[in-house]
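Working notes for the structure below.
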Amino acid sequence: KQEVTQIPAALSVPEGENLVLNCSFTDSAIYNLQWFRQDPGKGLTSLLLIQSSQREQTSGRLNASLDKSSGRSTLYIAASQPGDSATYLCAVRPMGTYKYIFGTGTRLKVLA
Amino acid sequence: NAGVTQTPKFRILKIGQSMTLQCTQDMNHNYMYWYRQDPGMGLKLIYYSVGAGITDKGEVPNGYNVSRSTTEDFPLRLELAAPSQTSVYFCASSEVPGQSTDTQYFGPGTRLTVL
Chain B
174 KQEVTQIPAA
184 LSVPEGENLV
194 LNCSFTDSAI
204 YNLQWFRQDP
214 GKGLTSLLLI
224 QSSQREQTSG
234 RLNASLDKSS
244 GRSTLYIAAS
254 QPGDSATYLC
264 AVRPMGTYKY
274 IFGTGTRLKV
284 LA
Chain Y
25 NAGVTQTPKF
35 RILKIGQSMT
45 LQCTQDMNHN
55 YMYWYRQDPG
65 MGLKLIYYSV
75 GAGITDKGEV
85 PNGYNVSRST
95 TEDFPLRLEL
105 AAPSQTSVYF
115 CASSEVPGQS
125 TDTQYFGPGT
135 RLTVL
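Each protein sequence line maps, in turn, to chains B and Y. Under the numbering used here, think of the first position of the first sequence as 174, with each following residue one higher. Under the numbering used here, think of the first position of the second sequence as 25, with each following residue one higher.
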């Protein structure tokens, strides 16, 4: 059974720091992996989608990597800003399914 | 283009009451999903649909029902509400899952409390 874990559960950093959020999954047979952002009281917004054949995706200050063999993905945020404060969730779509399995998220706070 | 809309935003139910959570998308997506999110937890899939007239159970379907009569709408029905159904409910939609079209678009959520 596919399980997705995100560590740490919460993280506080000063503004301007580069940071890495971690996501691990137990079964490497996946179609793709997505990173989402969730603001308090709001829905989820997709940040980056990495296909199973890809190693990384970039959007602005965000870079996500995927290592299927080790069951790991990282989300790198460069030059963090207070506006980056949110909960970040990763989710994988296992092969042969239409479903996504979500991690419990990392709650990020960027201090001004 | 409103994306995915959900109503109501908030609701308080008494134990044993029933209600329907509404979800509509205007992106002509075939795939739609209902998730619940409990405090400090990730999202759990309740039901999903791959097109009008076709629905299937997710991880936590007990106590819920869905229907999909049109491409746009995917209502979630709670029968005999229980305190364990207190949660935030999210509806999402996506194009046909494939390598490059798999982005899920989420609604703003419905916060439900059962007392």
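Just so you know, even glycine gets a beta-carbon here, dropped at the ideal spot from N, CA and C.
C-alpha distance - residue i paired with residue j, whole-angstrom precision
i	j	result
GLU188 (chain B)	ALA259 (chain B)	14 angstroms
GLU83 (chain Y)	ILE70 (chain Y)	6 angstroms
THR199 (chain B)	GLY276 (chain B)	12 angstroms
SER246 (chain B)	SER197 (chain B)	6 angstroms
THR48 (chain Y)	VAL28 (chain Y)	6 angstroms
ILE78 (chain Y)	THR110 (chain Y)	27 angstroms
ALA183 (chain B)	GLY244 (chain B)	21 angstroms
ASP97 (chain Y)	GLN46 (chain Y)	8 angstroms
CYS263 (chain B)	ASP62 (chain Y)	16 angstroms
LEU118 (chain B)	VAL193 (chain B)	Past the boundaries of the shown model lies residue 118 (chain B); chain B is included only from 174 to 285, so the question cannot be answered.
ARG266 (chain B)	LEU239 (chain B)	13 angstroms
PRO99 (chain Y)	ASN191 (chain B)	42 angstroms
LEU217 (chain B)	GLN207 (chain B)	11 angstroms
PRO32 (chain Y)	GLY214 (chain B)	14 angstroms
ASN236 (chain B)	ILE36 (chain Y)	41 angstroms
8 angstroms contact criterion, which residue i and residue j should meet: CB distance rounded
i	j	result
TYR8 (chain Y)	TRP58 (chain Y)	Because chain Y spans 25 through 139 in this model, residue 8 (chain Y) falls outside it and cannot be assessed.
LYS174 (chain B)	SER201 (chain B)	At roughly 14 angstroms, the Cβ-Cβ gap does not stay under 8 angstroms, so LYS174 (chain B) and SER201 (chain B) are not in contact.
ASN205 (chain B)	LEU221 (chain B)	Not really, about 10 angstroms apart at Cβ, beyond 8 angstroms.
PRO132 (chain Y)	GLN30 (chain Y)	6 angstroms
Sheet register partners of residue i (DSSP bridge)
i	result
GLU294 (chain B)	Past the edges of chain B, shown from 174 to 285, lies residue 294 (chain B), and the structure says nothing about it.
MET56 (chain Y)	Y:SER73, Y:SER117
ARG92 (chain Y)	For ARG92 (chain Y), which the question treats as bridged, DSSP gives no partner whatsoever.
ASP198 (chain B)	The question names Asp, but residue 198 (chain B) is Phe in the sequence shown. PHE198 (chain B) pairs with B:VAL177.
TYR129 (chain Y)	Y:SER117
ASN205 (chain B)	B:GLN224, B:ARG266
TYR261 (chain B)	B:ARG210, B:THR279
THR48 (chain Y)	Y:THR29, Y:ASP97
SER185 (chain B)	B:LYS282
Cross-chain neighbours of residue i in chain B, by beta carbon under 7 angstroms
i	result
MET65 (chain Y)	THR277
Partner residues on chain Y for residue i, Cβ-Cβ distance less than 8 angstroms
i	result
ARG266 (chain B)	PRO121, ASP126
Under 7 angstroms by beta carbon: chain Y residues contacting residue i
i	result
TYR271 (chain B)	TYR55, TYR72, VAL74, PRO121
Where residue i meets chain Y, residues with beta-carbon distance less than 9 angstroms
i	result
LEU262 (chain B)	GLY66, LEU67
Under 8 angstroms by beta carbon: chain B residues contacting residue i
i	result
PRO132 (chain Y)	LYS215, GLY216
GLY82 (chain Y)	LYS272
Near-chain Y residues of the stretch 191-222 of chain B - C-beta to any C-beta below 9 angstroms: TYR204, ASN205, GLN207, PHE209, GLN211, GLY214, LYS215, GLY216, LEU217, THR218, SER219, LEU222
Which residues, in order along the stretch 31-60 of chain Y, keep a beta-carbon less than 7 angstroms from a beta-carbon of chain B? Result list: TYR55.
Scan the stretch 88-116 of chain Y for residues whose Cβ lies nearer than 7 angstroms to a Cβ of chain B and list them as they occur along the chain. PHE114
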